[in-house]
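K.L.:
According to the working numbering, the stretch in the sequence shown is residues 196 to 309, in order.
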Amino acid sequence: MGKIRQPLSVKEGIELMNSLIVGTNMQKNVVNFQMERNLCSDEYGRVGKGWWRGFLRRNGHRIVTQRGEKFAVHRSDWTTFDNIKQMYDVIYDEMVDAKIAEKIDSPGVLSLCR
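1) CB Gly240 to CB Val225, shorter than 8 angstroms?
2) Buried or exposed for Gly218, please, with buried defined as at least 16 other CB atoms from any protein chain shown within 10 angstroms of its CB.
3) Identify every run of the alpha helix (DSSP H) within the region 266-290, keeping only runs that are complete inside it and at least 4 residues long; order them along the chain.
4) For Lys244, name the three-state secondary structure that DSSP assigns.
5) Taking Val205 and Trp247 to be in contact with their CB atoms under 8 angstroms, please state how far apart those CB atoms are, rounded to whole angstroms.
6) Under the rule that 16 or more other beta-carbon atoms within 10 Å means buried, what is Gly249, buried or exposed?
7) Name the two residues that bound the continuous alpha helix (DSSP H) containing Gln261.
8) Indicate the three-state DSSP secondary structure (helix, strand or coil) for Met196 in the structure shown.
9) Buried or exposed, going by whether 16 or more other CB atoms sit within 10 Å of the CB of Gly255?
10) Please report the Cβ distance between Leu215 and Leu203, rounded to the nearest whole angstrom; I am assuming they are in contact, meaning their Cβ atoms lie under 8 angstroms.
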């Protein structure tokens, strides 16, 4: 997510991990881990804030954490041609990297893969 400058809140990070492990052997491993340690959990098989803290600690060399930024209140302060162009360039590059689109020779034209 960081490569496309998309921040995740703690809640979103936890929800993402839970959605990735649901119905897998990893979820069974989480249940076993929680039960062996008598961890009080609202729902076994789901990670929580403790997992998030450990994830940040284990991956601190890869992740940048910051407080939220304040953005301009007035749309005209941040809606500039350069900002919009940069946003589209980043999005298009990510689409090409993900192989869901490909660049073609015409400037500014992107073809979606089917």
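Yeah, the Cβ is synthetic: ideal placement off N, Cα and C, and Gly gets one too. Owing to the predicted nature of the structure, the values given are computational and were not obtained by experimental measurement.
P.N.:
The answer reads as follows:
1) In the sequence shown, residue 240 corresponds to position 45, counting from 1. In the sequence shown, residue 225 corresponds to position 30, counting from 1. Yes, the pair counts as a contact, with Cβ atoms nearer than the cut-off.
2) Counting from one through the sequence shown, the residue named residue 218 turns up at place 23. Residue environment for Gly218: exposed (fewer than 16 other C-beta atoms within 10 angstroms of its C-beta).
3) Whole alpha helix (DSSP H) segments, 4+ residues: 270-273.
4) On the sequence shown, position 49 is the one that residue 244 refers to. It is helical.
5) For the purposes of this step, residue 205 is taken as residue 10 along the sequence shown, with counting starting at 1. For the purposes of this step, residue 247 is taken as residue 52 along the sequence shown, with counting starting at 1. Their Cβ separation, rounded to whole angstroms, is 6 angstroms, which keeps Val205 and Trp247 in contact under 8 angstroms.
6) For the purposes of this step, residue 249 is identified with residue 54 of the sequence shown, where counting begins at 1. Exposed, since its Cβ has fewer than 16 Cβ neighbours within 10 Å.
7) One-based indexing of the sequence shown puts residue 261 at position 66. Careful: Gln261 lies outside any alpha helix (DSSP H) and carries neither H nor E.
8) As a working note, residue 196 is residue 1 in the sequence shown. The predicted model places Met196 with a pLDDT of 46, which falls under 50 and marks its position as unreliable; any figure quoted below should be read in that light. Three-state DSSP puts Met196 in coil, outside helix and strand.
9) Position 60 of the sequence shown, counted from the first residue, corresponds to residue 255. With fewer than 16 other Cβ atoms inside 10 Å of its own Cβ, Gly255 counts as exposed.
10) Here residue 215 refers to the residue found at position 20 of the sequence shown. Here residue 203 refers to the residue found at position 8 of the sequence shown. Under the criterion of beta carbons closer than 8 angstroms, Leu215 and Leu203 do not qualify as touching, at roughly 13 angstroms.
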